[in-house]
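Peer 1:
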Amino acid sequence: MRSLLQFTLDLFDATPLPAVPTTGAVIGPGPVAPMADKKQVLGRAGGSSGPVNTIVVEGPPAEPLHRLLAPATFGHPRANREVALAGTRVAYEFRRGKRRTIGFSVGPDGLAVRAPNWVPLVEVDAALREKSAWILRKLGEARERQGRLASARIEWRDGAAIPFLGESVRLVLDPRHGFGAVGAQLAGVAGEPGRTLQVGLPHSAEAPQIRDAVQAWLMRQAHGCFVERLAHFAPQLGVRWKKLSLSNAGTRWGSASADGSIRLNWRLIHFRLPVIDYVVAHELSHLRVMNHSPQFWDTVESVMPDYAELRGELKRQPVPDW
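In the working numbering, the protein residues as written are 5 to 326.
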């Protein structure tokens, strides 16, 4: 038995679709070439007369030229194959390997397909069409998410808007103050418009310098906030946590280990406090139930009755692109 069990809360709901078992005859241990979708005529060279043996390989009609030249609706930067799914053309990355099933995954780049070395391409296409509804839905969600991320991109300059605990805070460069070892100071009243984050940098500061100063301040705020919320929920759940680490992971919000170690993504400080509370309660609940069974979700609900709404907000809200 493993001494440590670790469970994670995904940043993006983009888990791969369960692998699709392959069907049909197995044609040898090696790769199988795709069957041609056209007629092949084998005859005598030199144009001599006489009987000609003709082999006809039946297949679907060829795509019109304008369809082949038009860009795909969804494209992968490393695409090497295309397929039409419910009238939508999808260019995807295809690889073969030592595996037993056909697998699909949809991420920020698009659709990736993995297949065993011996599976014919016709079976890969059939599996794609069988799961077309799931694939198109996930591709649409990924594109929408990328659009939200683009709109949330921060321009690191004086006057830029930064989300902090669910509010928009305006960045102000203030070379007159160093603000001690902190390097920045939040001004204004929480919940009221006009809050500013004053950073002790000259107006000539470059974007990377501004970004690093703001990130350092946000990480300090995140650590203090997380410790406070862990201390609030741990007694309610009857658990003890031993160590908090800040994470910079790109695909998960937090994790919990059986030894009481908690990891939380510092970017959570961009969200409203109730959303942060949901993630904190989620990870602490794993110290009681180390899985995602109904018992686990009942544990979360015992301290966060509206966890489902908060979980949805966490998935929908864009996170600034750092």
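Every residue, glycine too, gets a C-beta built ideally from N, C-alpha and C.
Computed from a predicted structure; not experimentally measured.
(1) Give the range of the alpha helix (DSSP H) segment to which K319 is assigned.
(2) Which residues mark the beginning and the end of the alpha helix (DSSP H) in which G228 is found?
(3) Leaving aside the five residues before and after P309 along the sequence, list all residues of the same chain whose C-beta is less than 6 Å from its C-beta, in chain order.
(4) Would you grab the beta carbon distance between F300 and V307 for me? Rounded to a whole angstrom, and I think it's under 8 Å.
(5) Can you give me the C-alpha to C-alpha distance between P81 and R147, rounded to a whole angstrom?
(6) For A88, tell me which candidate among R99, G101, E134, G107 has the shortest Cα-Cα distance.
(7) Taking the continuous alpha helix (DSSP H) assigned at V279, which residues delimit it?
(8) What is the DSSP secondary structure of V307, counted as helix, strand or coil?
(9) Excluding the 5 residues flanking V128 on each side, which residues of the same chain have their C-beta closer than 7 Å to its C-beta?
(10) Cα separation between A235 and V243?
(11) Would you mind giving the Cβ-Cβ distance between P179 and P206, rounded to the nearest angstrom? I have them listed as a contact below 8 Å.
(12) Tell me whether T303 is buried or exposed, calling it buried when 16 or more other Cβ atoms sit within 10 Å of its Cβ.
(13) Under the DSSP definition of a beta bridge, which residues are partnered with P124?
(14) Which residue comes first and which comes last in the beta strand (DSSP E) that contains T200?
(15) Using the rule of at least 16 other Cβ atoms within 10 Å of the residue's Cβ for burial, across every protein chain shown, is N269 buried or exposed?
(16) From L69 to A188, what does the alpha carbon distance come to, in whole angstroms?
(17) Kindly list the residues whose CB is nearer than 7 Å to the CB of V279, restricted to its own chain and excluding five residues on each side of it in sequence; keep chain order.
(18) Please classify S289 as buried or exposed, where buried requires at least 16 other C-beta atoms within 10 Å of its C-beta.
(19) Contact between the stretch 259-276 and the stretch 196-203: three or more CB pairs below 8 Å?
(20) Buried or exposed: P212, going by 16 or more other Cβ atoms within 10 Å of its Cβ?
(21) Work out the CA separation of R100 and R233 for me, nearest whole Å.
(22) Buried or exposed for K247, going by 16 or more other Cβ atoms inside 10 Å?
(23) Taking the CB atoms as reference points, tell me whether L201 and H227 lie closer together than 9 Å.
(24) Report yes if the CB atom of A90 is closer than 9 Å to the CB atom of A76, and no otherwise.
(25) Give the single residue among G170, N295, Q150, L177 whose Cα lies nearest to the Cα of G163.
(26) Pull up the distance between the alpha-carbon of G254 and that of S136, whole angstroms please.
(27) Keeping to the same chain, check which residues put their C-beta closer than 6 Å to that of L132; ignore five residues upstream and five downstream.
Peer 2: In terms of the structure at hand:
(1) Along the sequence shown, read from residue 1 onward, the residue named residue 319 stands at position 315. Where K319 is concerned, the enclosing alpha helix (DSSP H) starts and stops at 311-320.
(2) Reading the sequence shown from its first residue, position 224 is the one you call residue 228. 211-241 is the extent of the alpha helix (DSSP H) around G228.
(3) Here residue 309 refers to the residue found at position 305 of the sequence shown. Setting aside the 5 residues that flank it on each side, P309 has no residue in the same chain whose C-beta is closer than 6 Å to its C-beta.
(4) As a working mapping, residue 300 is identified with position 296 in the sequence shown. As a working mapping, residue 307 is identified with position 303 in the sequence shown. With 8 Å as the limit, F300 and V307 do not qualify as a contact, their Cβ atoms being about 13 Å apart.
(5) Stepping through the sequence shown from its first residue, residue 81 is reached at position 77. Stepping through the sequence shown from its first residue, residue 147 is reached at position 143. Rounded to whole angstroms, the gap between the alpha carbons of P81 and R147 is 14 Å.
(6) For this step, residue 88 is matched to residue 84 along the sequence shown. Of the listed residues, the one whose Cα sits closest to A88 is E134.
(7) As a first step, residue 279 is located in the sequence shown; it is residue number 275 there, counting from the start. Unbroken alpha helix (DSSP H) run through V279: 277-289.
(8) Locating residue 307 in the sequence shown gives position 303, counting from the first residue. Helix, per DSSP.
(9) The residue given as residue 128 occupies position 124 in the sequence shown. The residues are I106, V117, A119.
(10) By 1-based counting over the sequence shown, the position of residue 235 is 231. By 1-based counting over the sequence shown, the position of residue 243 is 239. Approximately 10 Å between the Cα atoms of the pair.
(11) Counting from one through the sequence shown, the residue named residue 179 turns up at place 175. Counting from one through the sequence shown, the residue named residue 206 turns up at place 202. In this structure, P179 and P206 form a Cβ contact; the two beta carbons are roughly 4 Å apart against a cut-off of 8 Å.
(12) What you label residue 303 is simply residue 299 of the sequence shown in a count that begins at 1. Looking at its Cβ environment, which holds 16 or more other Cβ atoms inside 10 Å, T303 is buried.
(13) In the sequence shown, the residue the question calls residue 124 occupies position 120. BP columns for P124 are empty, so no partner.
(14) As a working note, residue 200 is residue 196 in the sequence shown. Looking at the DSSP string, the run of the beta strand (DSSP E) that includes T200 is 200-203.
(15) Reading the sequence shown from its first residue, position 265 is the one you call residue 269. So N269 counts as buried.
(16) As a position in the sequence shown, residue 69 is number 65, starting the count at 1. As a position in the sequence shown, residue 188 is number 184, starting the count at 1. Because the pLDDT of L69 is 41, which lies under 50, any placement of that residue in the model is unreliable, and the number read from its coordinates should be weighed accordingly. Rounded to whole angstroms, L69 to A188 spans 60 Å at the Cα level.
(17) In the sequence shown, the residue the question calls residue 279 occupies position 275. Non-local C-beta neighbours of V279 in its own chain, meaning closer than 7 Å and more than five positions away in sequence, comprise L314, E317, L318, ordered along the chain.
(18) Against the sequence shown, residue 289 aligns to sequence position 285. By the neighbour-count definition (other C-beta atoms within 10 Å, threshold 16), S289 is a buried residue.
(19) The count of Cβ pairs closer than 8 Å, one atom from the stretch 259-276 and one from the stretch 196-203, stays below three, leaving the stretches out of contact.
(20) Within the sequence shown, the letter at position 208 stands for residue 212. Per the 10 Å Cβ criterion, exposed.
(21) By 1-based counting over the sequence shown, the position of residue 233 is 229. By 1-based counting over the sequence shown, the position of residue 100 is 96. Using only the alpha carbons, I get a separation of about 46 Å.
(22) Taking the sequence shown and counting its residues from 1, one reaches residue 247 at position 243. When all chains shown are included, K247 counts as exposed.
(23) Translated into the one-based positions of the sequence shown, residue 201 becomes position 197. Translated into the one-based positions of the sequence shown, residue 227 becomes position 223. Taking 9 Å as the Cβ cut-off, L201 and H227 do not qualify as a contacting pair.
(24) Position 86 of the sequence shown, counting from 1, holds the residue named residue 90. Position 72 of the sequence shown, counting from 1, holds the residue named residue 76. Contact flag unset, no.
(25) As a working note, residue 163 is residue 159 in the sequence shown. Among G170, N295, Q150, L177, the Cα nearest to that of G163 is on L177.
(26) In the sequence shown, the residue the question calls residue 254 occupies position 250. In the sequence shown, the residue the question calls residue 136 occupies position 132. Roughly 27 Å separates the two Cα atoms.
(27) Here residue 132 refers to the residue found at position 128 when the sequence shown is read from its first residue. Around L132: V87.
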